Each structure stands twice: as C-alpha cells, then as structure tokens.
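A.B. asks: Here full-length UniProt numbering is used: position 159 in the sequence shown is 159, and no number is missing along the way. Yeah, the Cβ is synthetic: ideal placement off N, Cα and C, and Gly gets one too. Keep in mind it's a predicted model, so treat the numbers as computed, not measured.
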Amino acid sequence: MATCMKAVTEQGAELSNEERNLLSVAYKNVVGGHRSAWRVISSIEQKTDTSDKKLQLIKDYREKVESELRSICTTVLELLDKYLIANATNPESKVFYLKMKGDYFRHLSEVACGDDRKQTIENSQGAYQEAFDISKKEMQPTHPIRLGLALNFSVFYYEILNNPELACTLAKTAFDEAIAEIDTLNKDSYKDSTLIMQLLRDNLTLWTSDSAGEECAAAEGAEN
Numbered sequence: 001m002a003t004c005m006k007a008v009t010e011q012g013a014e015l016s017n018e019e020r021n022l023l024s025v026a027y028k029n030v031v032g033g034h035r036s037a038w039r040v041i042s043s044i045e046q047k048t049d050t051s052d053k054k055l056q057l058i059k060d061y062r063e064k065v066e067s068e069l070r071s072i073c074t075t076v077l078e079l080l081d082k083y084l085i086a087n088a089t090n091p092e093s094k095v096f097y098l099k100m101k102g103d104y105f106r107h108l109s110e111v112a113c114g115d116d117r118k119q120t121i122e123n124s125q126g127a128y129q130e131a132f133d134i135s136k137k138e139m140q141p142t143h144p145i146r147l148g149l150a151l152n153f154s155v156f157y158y159e160i161l162n163n164p165e166l167a168c169t170l171a172k173t174a175f176d177e178a179i180a181e182i183d184t185l186n187k188d189s190y191k192d193s194t195l196i197m198q199l200l201r202d203n204l205t206l207w208t209s210d211s212a213g214e215e216c217a218a219a220e221g222a223e224n
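Below is the structure:
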C-alpha cells in the first residue's frame, strides 16, 4: 500500500483526508516493523558476549535494518517536503504533515549517531514545534490531530531529549485542555480523541511512577 500511496502523492495534487490517512497508515506499518526489529536486535547485541561468534552476524543484521529504516524515513520526508506540506491548503493538513515530518525525523534519530543524530533531533523538534504552534491557533484542544501531535511531541521530549519534566508538562496540558472542552466533541472524532486522551494519561502515569520504563509502547500505537 505504501508504494501505491507514494505514486498517488507524486501526482502532485493535494490528498483527500482519506488518502492522507492511507499514506500515513501505510508508512507507519512499514517503518513500525523495522523500528521493532531494530530494538530487539540492539537489545540482543548489547547482551551478547564480545567473544561470541554470533556477534558479527547480529551487528550486520542490525546495520541492514538501520539502512532500510533510513531509506523508508528518507522517502517519507522527501514526499512531505516536495509535495505534501507545500500543497497543504488548510491548517489541519499542514499540522498533520508537519507532525509526520517530526515523527520520521524522530525515527531517524533513534538509529543515528554523533552529528547526524544532533541534526535529526533538531529537524524533528522544529517540525513538531511548527505544527504545535499552528494547532494551538487553528484547532480545538479536542481535535484528534492536535491531541496526536501532543502525544508524539511529548514522547519526543521523553525518549529523545530525555526530558521527563517537559514531556509531562506538554502531555498534561494537552489532556487538561481537552478534558475542559470534552462536551464539544462531535460524534465523528469522539472515539479517536478519547483514545489519544487515554494514551496521554497512560504515559503520564508511566512517566511519573517510580518504575518508569524506557519505552512508551502506548504512545507508538496512537500515532495518527
């Protein structure tokens, strides 16, 4: 499906909401498998004795997965910069695509090192911040795209910048603002919005507990 949606995007016309969602889901599924594989392989590599003959095989496989992940992310980022962000005619679409840009630079930063990692982090934060500023001006606090952005941006602060305080502040503010206006939710977005609100709350519980882990699986499942 990713190949088909790439071809549709490259035709140059603005995508409909349905096409936009198909593109997002298609690439999320592709990159998600690689990210999961990379985490498992990296964990195995760290636990493998340096004298073990299997270590080089594990390292080679990790590097192969990293290369494929970078290729996927680069493809998405090129589509975003060349077609999608430039063609977005309304704030909702622009926020959606800038959030995607932040997401895919975040995915790149997970496997990057040194100066490359620093640059991908800066690019991710810049895209998230631009999307966040637009969403606060143009979208209701209960809008699922605004909530999804807050969810992922807070995960970026927690996992990539290692800043739990800012992550919690962002997530809590988004949750509280949405709760205050929950009565305004329309039927079409109620399910999506309340699901993301639950994930924001779950993350806050995880991040503020004594046993806070390194990963936030719930947040990854809620990207939209």
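Measuring alpha carbon to alpha carbon, tell me which of 52, 113, 5 ends up nearest residue 84.
C.D. replies: Ranking the options by Cα distance to residue 84, first place goes to 5.
A.B. asks: Look at the alpha carbon of residue 101 and the alpha carbon of residue 20, and state the distance between them as a whole number of angstroms.
C.D. replies: Approximately 14 angstroms, taken between the alpha carbons.
A.B. asks: Could you tell me the alpha carbon to alpha carbon distance between residue 29 and residue 172, rounded to whole angstroms?
C.D. replies: So the two alpha carbons sit approximately 28 angstroms from each other.
A.B. asks: Measure from the alpha carbon of residue 36 to the alpha carbon of each residue in 26, 69, 125, then state which is nearest.
C.D. replies: Per the Cα distances, 69.
A.B. asks: Rounded to a whole number of angstroms, what is the C-alpha to C-alpha distance between residue 184 and residue 139?
C.D. replies: Near 13 angstroms, if we compare the C-alpha coordinates of residue 139 and residue 184.
A.B. asks: How many Å lie between residue 50 and residue 57 at the Cα?
C.D. replies: The alpha-carbon atoms of residue 50 and residue 57 are separated by roughly 12 angstroms.
A.B. asks: Contact check, residue 9 vs residue 23 under 8 angstroms by CB: the rounded distance?
C.D. replies: Right, their Cβ atoms sit about 6 angstroms apart.
A.B. asks: In this structure, how does DSSP classify residue 88 when only helix, strand and coil are distinguished?
C.D. replies: Three-state DSSP puts residue 88 in coil, outside helix and strand.
A.B. asks: List, from N- to C-terminal side, the alpha helix (DSSP H) runs of 4 residues or more that fit wholly inside the region 12 to 94.
C.D. replies: Listed in chain order, the complete alpha helix (DSSP H) runs (minimum 4 residues) inside the region 12 to 94 are 17 to 47, 54 to 79.
A.B. asks: Within a Cβ cutoff of 7 angstroms, which residues of the same chain sit near residue 142, ignoring the five residues on either side of it in sequence?
C.D. replies: Around residue 142: 178, 181, 182, 184, 185, 193.
A.B. asks: Can you say whether residue 40 is buried or exposed, counting buried as having 16 or more other CB atoms within 10 angstroms of its CB?
C.D. replies: Flag for residue 40 reads exposed.
A.B. asks: Buried or exposed for residue 127, going by 16 or more other Cβ atoms inside 10 Å?
C.D. replies: It is buried - the Cβ of residue 127 has at least 16 other Cβ atoms within 10 Å.
A.B. asks: Would you identify the three-state DSSP class for residue 162, choosing helix, strand or coil?
C.D. replies: In the structure shown, residue 162 sits in coil (DSSP, three-state: anything other than H, G, I, E or B).
A.B. asks: With C-beta atoms as the reference, is residue 120 less than 7 angstroms away from residue 105?
C.D. replies: Cβ distance < 7 angstroms, so residue 120 and residue 105 count as in contact.
A.B. asks: In whole angstroms, give me the CA-to-CA distance for residue 7 and residue 168.
C.D. replies: Approximately 39 angstroms between the Cα atoms of the pair.
A.B. asks: Rounded to the nearest angstrom, how far is the Cβ of residue 31 from that of residue 73, given a contact under 8 angstroms?
C.D. replies: Confirmed, Cβ separation roughly 7 angstroms.
A.B. asks: Using the three-state DSSP reduction, which class does residue 204 fall into: helix, strand or coil?
C.D. replies: Of the three classes helix, strand and coil, the one that applies to residue 204 here is helix, per DSSP.
A.B. asks: Looking at the unbroken alpha helix (DSSP H) that takes in residue 132, where does it start and where does it end?
C.D. replies: First-last of the alpha helix (DSSP H) with residue 132: 114 to 138.
A.B. asks: Helix, strand or coil for residue 186, going by three-state DSSP, please let me know.
C.D. replies: In the structure shown, residue 186 sits in coil (DSSP, three-state: anything other than H, G, I, E or B).
A.B. asks: Suppose contacts are defined by Cβ-Cβ distances below 7 angstroms. Is residue 99 in contact with residue 149 by that definition?
C.D. replies: Going by C-beta atoms, residue 99 is nearer than 7 angstroms to residue 149.
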